[in-house]
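The numbering used here applies: residue 48 is where the sequence shown begins, and numbers increase by one.
The beta carbon of each residue, even a glycine, is placed where N, CA and C say it ideally should be.
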Amino acid sequence: MNCQNKMRLKLRSALVFLLIAAVIGGISGAFTTNYLLDDKSQEELIAEFYAVETSVSVSPHHIRKGMAKGDNSFILVDLRSEEEYIEEHIVTAVNIPAYKNKDHSDYGAVERIVSSFKELRENNLDKDIIVYCYSGPCMTGRKVGKLLVDNEIYVKHLGIGWNEWRYHWTIWNHAHEWKQTDVLDYVASGNEPGIIEGVKLKKGCPIEGGLGC
48 MNCQNKMRLK
58 LRSALVFLLI
68 AAVIGGISGA
78 FTTNYLLDDK
88 SQEELIAEFY
98 AVETSVSVSP
108 HHIRKGMAKG
118 DNSFILVDLR
128 SEEEYIEEHI
138 VTAVNIPAYK
148 NKDHSDYGAV
158 ERIVSSFKEL
168 RENNLDKDII
178 VYCYSGPCMT
188 GRKVGKLLVD
198 NEIYVKHLGI
208 GWNEWRYHWT
218 IWNHAHEWKQ
228 TDVLDYVASG
238 NEPGIIEGVK
248 LKKGCPIEGG
258 LGC
């Protein structure tokens, strides 16, 4: 057998080995995943889901009612661009932009974003930090949340985004509250967070605290 044939044989053997290793690895990974899932009962998976949901998601209705009552146990963070924040934002919210402008994200500014949230957390140790972005399905809040977790900073996520808060007031407020509340009382403009002015205390959802609407 000449050198060329020997080389071909070695290459074939190497390819066969790699193929077998890949197949075994894939099967092993599948079995591991199935084992981890099968090891938990349906009830345990449901419990885990709701534990995560209630730990991270925050009801906008609960926040809106808290604002009207002067609740200062939380800080809202608007992740949209600075220009959009200045135009309008949820009243009392501060701006830590994850967007350069209306059309371009700035996810690469990791140091700026992380340091800003770190400072905010250090100055507000006893408050929940709640982020929001453009809409409920918007991934910006989730991406920033993951980035912060990687840096041992933990924030919560508002159940809706700016679009729902500003333009779809009736979607997340109770029907009897539509005429009792005015969205403009909960919106500010400019580069400052703004303060609640002229909001009358109304009767809304009777359930208070963590189980509130």
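Which value, in whole angstroms, describes the spacing of the CA atoms of T79 and D86? Locating residue 79 in the sequence shown gives position 32, counting from the first residue. Locating residue 86 in the sequence shown gives position 39, counting from the first residue. Because the pLDDT at T79 is just 47, under 50, the model does not fix this residue reliably, and the value given afterwards should be weighed accordingly. About 10 Å.
What are the start and end residues of the beta strand (DSSP E) that includes Y179? To locate residue 179, count along the sequence shown from 1; it is residue 132. Start and end: D175 to Y179.
Rounded to the nearest angstrom, what separates V230 and V157 at their Cα positions? Your numbering for residue 230 matches position 183 in the sequence shown. Your numbering for residue 157 matches position 110 in the sequence shown. If I take the Cα positions, the gap works out to 33 Å.
Where does the unbroken alpha helix (DSSP H) through I242 begin, and where does it stop? Your numbering for residue 242 matches position 195 in the sequence shown. That residue, I242, is in no alpha helix (DSSP H); it is neither H nor E in DSSP.
Taking all protein chains shown into account, do 16 or more other C-beta atoms lie within 10 angstroms of the C-beta of H204, making it buried, or fewer, making it exposed? The residue you call residue 204 lines up with position 157 of the sequence shown. With 16 or more other Cβ atoms within 10 Å, it is buried.
Bridge partners for F121 per DSSP, in chain order? Mapped onto the sequence shown, residue 121 falls at position 74. Answer is D175, bridged to F121.
Compute the Euclidean distance between the alpha carbons of V202 and Q227, then round it to the nearest angstrom. Here residue 202 corresponds to residue number 155 of the sequence shown, with the count starting at 1. Here residue 227 corresponds to residue number 180 of the sequence shown, with the count starting at 1. Each residue's Cα considered, the two are about 31 Å apart.
So, D150 versus I137, is the Cβ gap smaller than 9 Å? For the purposes of this step, residue 150 is taken as the residue at position 103 of the sequence shown. For the purposes of this step, residue 137 is taken as the residue at position 90 of the sequence shown. Cβ distance not < 9 Å, so D150 and I137 don't count as in contact.
Give the DSSP-derived three-state secondary structure of L126 in the structure shown. As a position in the sequence shown, residue 126 is number 79, starting the count at 1. Here L126 sits in coil by DSSP.
Per DSSP, N142 is paired with what? As a working mapping, residue 142 is identified with position 95 in the sequence shown. N142 is bridged by DSSP to D125.
For the pair the stretch 132-146 and the stretch 234-241, tell me if three or more CB-CB distances fall below 8 Å. The stretch 132-146 is in contact with the stretch 234-241.
Beta carbon of W225, beta carbon of G206: below 9 Å? As a working mapping, residue 225 is identified with position 178 in the sequence shown. As a working mapping, residue 206 is identified with position 159 in the sequence shown. It is not a contact, given that the beta carbons lie outside the stated cut-off.
What is the rounded straight-line gap between the Cα of Y233 and the Cα of E95? Residue numbering aside, residue 233 sits at position 186 when the sequence shown is read from its first letter. Residue numbering aside, residue 95 sits at position 48 when the sequence shown is read from its first letter. Straight-line Cα distance between these residues: approximately 34 Å.
Can you tell me whether DSSP reads K190 as helix, strand or coil? Start at 1 with the first residue of the sequence shown, and residue 190 comes out as number 143. In the displayed model, K190 falls within a helix according to three-state DSSP.
Return the bridge partner residues of H215 from the DSSP annotation. In the sequence shown, counting from the first residue as 1, residue 215 sits at position 168. Per the DSSP secondary-structure output, H215 pairs with nothing in a beta bridge.
If you draw a straight line from the alpha carbon of R168 to that of I176, how long is it in whole angstroms? On the sequence shown, position 121 is the one that residue 168 refers to. On the sequence shown, position 129 is the one that residue 176 refers to. Rounded to whole angstroms, R168 and I176 show a C-alpha spacing of 8 Å.
Whose C-beta lies closer than 8 Å to the C-beta of P107 among residues of the same chain, with five residues either side of it excluded? Position 60 of the sequence shown holds residue 107. Result list for P107: L205, G206, I207, E211, W212 and W219, in chain order.
For a quick check, are the C-beta atoms of S236 and W209 less than 9 Å apart? As a working note, residue 236 is residue 189 in the sequence shown. As a working note, residue 209 is residue 162 in the sequence shown. Not closer than 9 Å, so no.
Nearest neighbour of V191, chosen from H221, R127, E166 and E134 [CA to CA]: Position 144 of the sequence shown, counted from the first residue, corresponds to residue 191. When the alpha-carbon of V191 is set against those of H221, R127, E166 and E134, the nearest one is in R127.
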